[in-house]
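Visitor: According to numbering that gives the first Met the number 0, the sequence shown holds residues 0 to 944 in order.
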Amino acid sequence: MDINSLIEALRGTMDANLREAAERQLNEGHTQVHFLSTLLQVTMSEQLDLPVRQAGVIYLKNMVTQHWSEGDNANTEGPTSNIPEEDRQFIRDHIVEAIIQSPERLRVQLTTCIHHMIKHDYPARWTAIVDKIGFYLQSDNSGCWLGILLCLYQLVKNYEYKKPEERQPLVAAMQIFMPMLKDRFVQLLPDQSNDSALVQKQIFKILYALFQYNLPLELINRQILTEWMEILKTVVDRDVPPEALQVDEDERPELPWWKCKKWALHILARLFERYGSPGNTTKEYTEFAELFLKGYAVAAQQVLLKVLYQYKEKQYVAPRVLQQTLNYINQGIAHAVTWKNLKPHIQGIIQDVVFPLMCYTDSDEELWQEDPYEYIRMKFDVFEDFISPTTAAQTLLFTACNKRKEVLQKSMGFCYQILTDPACDPRKKDGALHMIGSLAEILLKRKIYKDQMEFMLQNHVFPLFRSELGYMRARACWVLHYFCEVKFKIDQNLQTALELTRLCLINDNEMPVKVEAAIALQVLISNQEKAKDYITPHIRPVMQALLQIVRETENDDLTNVIQKMICEYSEEVTPIAVEMTQHLAMTFNQVIQTGPDEEGGDDKAVTAMGILNTIDTLLSVVEDHKEVRKILSGDPGEDPECHGAKLLEVIILQCKGRGIDQVVPLFVTTALERLTREVKTSELRTMCLQVAIAALYYSPPLLLNTLENLRFPNNTEPITNHFISQWLKDIDCFLGLHDRKMSVLGLCALMDLDQRPQAVNQVAGQLLPAAILLFNGLKRAYACRAEHEKEDDDEDEDREEEEENAELGSDEDDIDDEGQEYLEMLAKQAGEDGDDEDWEEDDAEETALEGYTTSVDDEDNLVDEYQIFKAIIQNVQGRDPAWYQLLTQCLDEEQRKQLQDIATLADQRRAAHESKMIEKHGGYKFADPVVPSNFNFGGSAPGMN
């Protein structure tokens, strides 16, 4: 495809009227030589509109990410690559320049391309990338520096998580680049422009990715370390330009000057923590650790103390900069060299930096009032903790009080002063209690403090439960949580703690308070021996409140609370176990409505697992009760047995390839053994057979071995014979889509066996007729489902139209026409015999049990019975002519024609599915393949003339 045609096709993809034709044109050209090369040229062309270039770069990225790895098979008998080698070489030769020259919108896509290319081509097929990076790094043209650093960053990122012995190609390249990066940074340091800061930040990101998990000592000597430490300190120490202060405070962290500081501190903190702390490093870094601690750690700490001083003086410091600064200071507490320098400042840091960070803030209040559920999510988010200055401050406080003398005493004195001041700002009291709670583990071990904690709770925490401020009530619950192991000498104090917390859980009207109360109540019950009996009379309202909070907040911490409460009160929850399970099931359904790709999907997946674990815990504590045992050991009836068999089938299908070989024989034995007793309904009989069919699909050798070794009492006939004959006898009883599909897949597995049991050979002539019968039913079922889907779409359109016309005019009455029509329809049906000769129940879209969908039914990863059937028949015809003859010799002309129709439909379904998937993923719509006009299933097999 020439460049002008390609440009017009790309432009056409943005026009709804031209899109289909444009995509068809792209489909026809995408495998041609030079297509991808031309696509890159379009992306690089500054004369073209940006939307056209964007369309081109997205196609390019999709092709590279999906197909570049196919080049790994170039010298094997693997599949033919979708990207010709000429195009690969052209892209290798020009993608660096494309990244350098492109605007940011295109650059993002191109860096994804180069990442995949480096992953598969470097160093074996693309050593030239190193030369090209070196050339542009040394260029005097500053406009190319950011782009080339992005290329280098992708090179480093490819090796970031690899073992040291696998990083040699990167280390060899970085021996060339490290001096260049240092020289470039020194050159840029005096330049405080936005562009300069972006380049500096990118250099730091490269260094961090290089050093994060492994420090190549061959790249670092004393001189190099000294030079980089000076650069890092300079960046942390320098002031941001005045214009940065004009930006809204919420947006300042995204400014390149603050990001540059953040990455400098990332590197400093990582060097100190992982490689520069003697006693905490692996053996190969012992010498480096001594060098870093004695030669560099204190000087860096001095610069970081200045950052803390700026924060104390109310100067703006970006949150991540403050967090990383505190992390570095925290690391220095444990070492005498750095502690000596830090000691004179530690109390000031605790009072003027740590304490304000631990107080309730204006932003906390704003979030609490505007979105209390988001407030809860943020406070309980472990990832938020990982980047939070408050968490870093809490860690520093704990380390200092735990490791250094007098710090605990002075910190507690400071907090006591605040708590005993009646005129003190409540937010300061919140901060003091936050500090004390963070130190609970230490305080409860120190003799001088542990006996006082009960009275601290009595005098300074219990009264806060009556506070009008929600955050103070929440803090009171939080403190009880952290002091749950206090040895109460006065029983009344324990009862008061439990009662106050229980009332908060049940009656408080602020959700963040209820969440803190739930956690506090559970840990008190678990850690205080006498607490359990006190709460026992209230267990029903407590559990109901917990269930309601989980439903409203979808907080995973609370599912753990419920699990532990169930274990503590196993006897008491038994009478309400059904009610609890129903509530949890409804909450589970609510949670899983969010798809995994939607915002918050990961959090909801964790919560969903927590709910399932809670139901499992509930079941485990009631399973031994005689009432449950009586129900489970009695005759359940055939409907529950059908559902039980269905669950066995679902487990087998969902776990295919996941190593459940040891339990599949147990499932099959259980299902087939049920068939040796009276079965009243065809549903149960087919469902039990379907468990074995699923096992056949899972692993034919495993099922056949199980059947050969299986013996039932009073039955001398081999189980294999009995199973296959019963299956074929009942083939017309398999209804709906899934059940018929499974039988087709099972028959395919039998026909495809190389080593067949005699039982299979004996029924050879029945296998294809059975399959044809199933396919006829499938055809009707698919048509029925399509009709239902069309009706649903039509109903949606009608509903939208009705809603648009729902408003009444001033002279209109509100008459329920639909309700009247429905009543008339019921009356009419009641007067008829209901016998509709045209209705066939087995044509229904799905049977009741087909509500359990499996991987076999997944439309996105389709297991297509038509395509599998056709492929296996073709395979048998070529591989085993004698067996093919046995399969087909009894077919009449009508059956042979039906087989031909199945083959044609298989090709059509394959083409339709490919087109649908490619369209869904934003890629190409490939043209439909040519369907063979004649596929001879019925002719003589090769070699049988």
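Here a beta-carbon is modelled for each residue, glycine too, at the ideal position from N, C-alpha and C.
Please read all numbers here as calculations on a predicted model, not as lab measurements.
(1) May I ask you to report which of helix, strand or coil DSSP gives F379?
(2) Could you tell me how far apart the beta carbons of L149 and T110 are, in whole angstroms, since I believe they sit closer than 8 Å?
(3) Would you check if the distance between the CB atom of I610 and the CB atom of F774 is smaller than 7 Å?
(4) By alpha-carbon positions, which one of T606, C687 and D361 ends up nearest to E640?
(5) Would DSSP call R237 helix, strand or coil?
(6) Would you mind giving the Cβ-Cβ distance between R183 and W144, rounded to the nearest angstrom? I have them listed as a contact below 8 Å.
(7) Going by the CB atoms, is the gap between M179 and L218 shorter than 7 Å?
(8) In angstroms with no decimal places, state the Cα-to-Cα distance between N140 and P50.
(9) S437 by DSSP, collapsed to three states: which one?
(10) So for E19, helix, strand or coil by DSSP?
(11) I447: beta carbon under 6 Å from a heavy atom of the ligand SAM?
(12) With respect to the alpha helix (DSSP H) encompassing A296, which residues constitute its N-terminal and C-terminal limits?
(13) Could you give the uninterrupted runs of the alpha helix (DSSP H) lying entirely in the segment 93-128, keeping only those of 4 residues or more?
(14) Is it true that the segment 779-786 meets the segment 754-761, where meeting means three or more beta-carbon pairs spaced less than 8 Å apart?
(15) A517 lies in the alpha helix (DSSP H); which residues open and close that run?
(16) Are the segment 449-462 and the segment 474-485 touching, with three or more C-beta to C-beta distances below 8 Å?
(17) Is I771 helix, strand or coil by DSSP?
(18) If contacts are defined as beta-carbon pairs under 8 Å, then G735 and E849 qualify, I think. What distance do you get, rounded to the angstrom?
(19) Determine the extent of the alpha helix (DSSP H) in which Y158 is found, giving its start and end residues.
(20) Are the CB atoms of T42 and G55 nearer to each other than 7 Å?
(21) Apart from the five residues on each side of it in sequence, which residues of its chain come closer than 7 Å, Cβ to Cβ, to E892?
(22) Is I82 helix, strand or coil by DSSP?
(23) Do N213 and P163 have their beta-carbon atoms positioned less than 7 Å apart in this structure?
(24) Cβ of F482 within 7 Å of Cβ of A439?
(25) Comparing C-alpha positions only, which one of L479, L499, K428 and V620 sits nearest to S525?
(26) Helix, strand or coil for C259? Go by DSSP, reduced to three states.
(27) Mapping the DSSP letters down to three states, classify Y359 as helix, strand or coil.
(28) Under the rule that 16 or more other beta-carbon atoms within 10 Å means buried, what is D738, buried or exposed?
(29) Span of the alpha helix (DSSP H) holding A576?
(30) Is N326 near V297, with beta carbons less than 7 Å apart?
(31) Thinking just about the alpha-carbon of each residue, which of R550, E528, R10 and R91 is nearest to the one in K513?
(32) By DSSP, does T887 sit in helix, in strand, or in coil?
(33) Rounded to the nearest angstrom, what separates L136 and E858 at their Cα positions?
(34) Note down, in chain order, each residue of its chain lying with its Cβ closer than 6 Å to the Cβ of L749, except the 5 sequence neighbours on either side.
(35) Under DSSP, the alpha helix (DSSP H) around K161 begins and ends at which residues?
(36) From the DSSP output, in three-state form, read off L807 for me.
Guide: Taking the definition as stated:
(1) coil
(2) 5 Å
(3) no
(4) C687
(5) coil
(6) 7 Å
(7) no
(8) 28 Å
(9) helix
(10) It is helical.
(11) This structure simply doesn't include the ligand SAM, nor any ligand for that matter.
(12) Segment: none, A296 is in no alpha helix (DSSP H) and carries neither H nor E.
(13) 103-120
(14) no
(15) For A517, the enclosing alpha helix (DSSP H) has its first and last residue at M510 to N526.
(16) yes
(17) helix
(18) 5 Å
(19) W144 to Y158
(20) Yes.
(21) none
(22) coil
(23) yes
(24) Cβ distance < 7 Å, so F482 and A439 count as in contact.
(25) L479
(26) helix
(27) Residue state for Y359 is assigned as coil, using DSSP reduced to three classes.
(28) buried
(29) A576 to V590
(30) Against a cut-off of 7 Å, the Cβ pair of V297 and N326 comes out as no contact.
(31) R550
(32) DSSP places T887 in the helix class (H, G or I) of the three-state scheme.
(33) When rounded, the separation of the alpha-carbon atoms in L136 and E858 is 49 Å.
(34) Same-chain partners within the cutoff: V759.
(35) From DSSP, K161 is part of no alpha helix (DSSP H); its letter is neither H nor E.
(36) Since pLDDT at L807 reaches only 39, below the 50 mark, its modelled position is unreliable, and no value is offered.
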